[in-house]
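K.L.:
The sequence shown begins at 351 in my numbering and counts up one residue at a time.
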Amino acid sequence: MEPLRLHAVPPQPARTPAAAAPVAPSPDYLAYLRREKRRSAMVLGARLLVLVLFLAGWELAARGKFVNPMLTSYPSALWPTFVDLVHNGKLGLHTWATFNATVIGFVISMLTGIAIAAALWWSEFVYKVLDPYLVVANAMPKIAFVPIFYIWLGSDYSVYGMALAT
Numbered sequence: 351m352e353p354l355r356l357h358a359v360p361p362q363p364a365r366t367p368a369a370a371a372p373v374a375p376s377p378d379y380l381a382y383l384r385r386e387k388r389r390s391a392m393v394l395g396a397r398l399l400v401l402v403l404f405l406a407g408w409e410l411a412a413r414g415k416f417v418n419p420m421l422t423s424y425p426s427a428l429w430p431t432f433v434d435l436v437h438n439g440k441l442g443l444h445t446w447a448t449f450n451a452t453v454i455g456f457v458i459s460m461l462t463g464i465a466i467a468a469a470l471w472w473s474e475f476v477y478k479v480l481d482p483y484l485v486v487a488n489a490m491p492k493i494a495f496v497p498i499f500y501i502w503l504g505s506d507y508s509v510y511g512m513a514l515a516t
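1. Helix or strand or just coil, what does DSSP make of Thr439?
2. Quick check: the Cα distance between Ala381 and Ser390, rounded to an integer number of angstroms?
3. For Pro377, which of helix, strand or coil comes out of DSSP?
4. Distance check for Gly395 and Glu386, CA to CA, integer angstroms please.
5. What are the boundary residues of the alpha helix (DSSP H) that Ala489 is part of?
6. Where Ala451 and Ala411 are concerned, what is the direct C-alpha to C-alpha distance, given to the nearest angstrom?
7. Would you call the CB atoms of Leu470 and Leu461 closer than 8 Å?
8. Mind reading off the beta-carbon distance from Leu428 to Leu435? Whole number of angstroms is fine, and I expect it under 8 Å.
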């Protein structure tokens, strides 16, 4: 007895109706497109205005000594510094150092969090001992840990400690 063979039907080319010729857009649709284009331009303009006002306010606050320019600098000083870093080729070095510190801090915080979670899950005693401290630490604003870790770890490794705190 011969095995049953299924024959595939060859694919048929797609048929398009003859009435599918392009149609000119209606006046209402064109008016809608104009309104959307105008609205998009207004949103972009408003975004740029907010940026300019923010930078101007920052510059005025730093120049007027409302904020400490040693901590915030001036927006007008940022652009020349950026251009200098690009021309010196050091922007990549600084970007890599920041990326590296971020990744190391993230990995350390993930491993520490997993270890703490596992300890709390496996041991009811550890959970009962550490729970009030973890609740208080979680309730504290994360920025409050910055000076603590800066003092404990110094300026070199404080980034990793701050990443652990969050």
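The C-beta atom is built at its ideal place from N, Cα and C for all residues, glycine as well.
Being a predicted model, the structure only gives us computed values, none of them experimental.
P.N.:
Here's the rundown:
1. In the sequence under discussion, the amino acid at residue 439 is Gly, which differs from the Thr named in the question. Correct three-state label for Gly439: coil.
2. 14 Å
3. helix
4. Answer to the nearest angstrom: the Cα atoms are 14 Å apart.
5. Glu474 to Ala489
6. 31 Å
7. No. Outside cutoff.
8. Actually they do not touch by this definition, with Cβ atoms about 10 Å apart.
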